[in-house]
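See below for the structure under consideration.
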Amino acid sequence: MSEFNLWGKTFLFLGIILVILGIIFLLAGKLPFSGRLPGDIIIQRKNFVFYFPLGLCILLSIVLTLISYLFRR
Numbered sequence: 007m008s009e010f011n012l013w014g015k016t017f018l019f020l021g022i023i024l025v026i027l028g029i030i031f032l033l034a035g036k037l038p039f040s041g042r043l044p045g046d047i048i049i050q051r052k053n054f055v056f057y058f059p060l061g062l063c064i065l066l067s068i069v070l071t072l073i074s075y076l077f078r079r
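This note's numbering numbers the first residue of the sequence shown as 7 and each following residue consecutively.
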């Protein structure tokens, strides 16, 4: 029975993480600095636009790393 308990806790944790990520993605377009950070890659062609927010990814990585470091202490 403890194996099911472990799987249940794992799925709950993953579900909470997915909900938090969904909220972040919904609110990301409303952030004033998103889309204009140095390092963002934008390629525009005639019928094609490719946008990769590299600067935002690096910033989020740093913030999440600091948060996880604080929780581990």
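For every residue, glycine included, the Cβ atom is placed at its ideal position computed from N, Cα and C.
Cutoff 7 Å; reference residue i; Cβ partners in own chain excluding five residues on either side
i: G61; result: L43, P44, G45 and D46
Close Cβ partners of residue i (< 6 Å) along its chain, the five nearest in sequence each way excluded
i: L57; result: One detail in the question is off: residue 57 reads as Tyr in this sequence, not Leu. Excluding sequence neighbours, Y57 sits near I48.
i: I30; result: none
i: F19; result: none
Cα-Cα separation between residue i and residue j, rounded to whole angstroms
i: C63; j: F54; result: 22 Å
i: L12; j: F77; result: 21 Å
i: L65; j: G21; result: 24 Å
i: I26; j: L33; result: 11 Å
i: P59; j: S8; result: 42 Å
Enclosing alpha helix (DSSP H) for residue i [first to last residue]
i: F77; result: L60 to R78
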